[in-house]
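Be aware that the sequence shown starts at -8, since it is given in our numbering, and climbs by one per residue. Don't be surprised by glycine CBs; every beta carbon is placed ideally from N, CA and C. Report on one structure; see the data block that follows.
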Amino acid sequence: MDIQAYQQMMEALSLSKRERLLIVEKREQQCICPQCPNYKECNVEENELAFCTTGKSVCITKEKQCICPTCPLAAELGLNNTFYCTRGSETQQMLLETLQVRKSWVK
Ligand code: SF4
Ligand code: SF4
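As structure tokens, then:
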């Protein structure tokens, strides 16, 4: 991870509660997760969206297919990961990679 990405990650971690809520609200409007097989199978509650920002779902546990790479928000933000609902937010996955404690899904 380069220094700019690291700084962005640190800034993301220090957002105020209100700032975070506003970001989540905006991202939820763009989130296409409800079209995803994993999401449909689990019957996720309506307020669970934008896992790339909010982190893991309390409902979804299986990994069939992730459509995040086709999400406009992913392209807009340059997100690099997938399966946010089961593996954690972009920031969490970046942090795990940086600390080299990535889980078994990564070879
Ligand atoms: S990248 Fe994935 S989790 Fe994030 S808003 Fe888009 S569809 Fe939802
Ligand atoms: S994060 Fe990916 S796998 Fe999870 S519900 Fe959204 S599109 Fe599907």
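- Sequence-distant Cβ neighbours of T44 in its own chain, meaning closer than 7 Å and more than five residues away, are I14, V15, R18 and S80.
- Following the DSSP letters along the chain, one finds Q21 inside the alpha helix (DSSP H) bounded by residues K8 to Q21.
- Residue state for E81 is assigned as helix, using DSSP reduced to three classes.
- By the 16-neighbour rule on beta-carbons within 10 angstroms, L6 is exposed.
- At least one heavy atom of ligand 2 lies closer than 7 Å to the C-beta of T73.
- The beta-carbon separation of L68 and C59, rounded to 11 Å, does not stay under the 8 Å limit for a contact.
- For C33, the three-state secondary structure derived from DSSP is helix.
- Classified as buried, T73 has 16 or more neighbouring CB atoms from the shown chains inside 10 Å of its CB.
- With a minimum length of 4 residues, the unbroken runs of alpha helix (DSSP H) contained wholly in the region 44 to 71 fall at 63 to 68.
- One Cα belongs to Q20, the other to Q91, and the distance between them is close to 33 Å.
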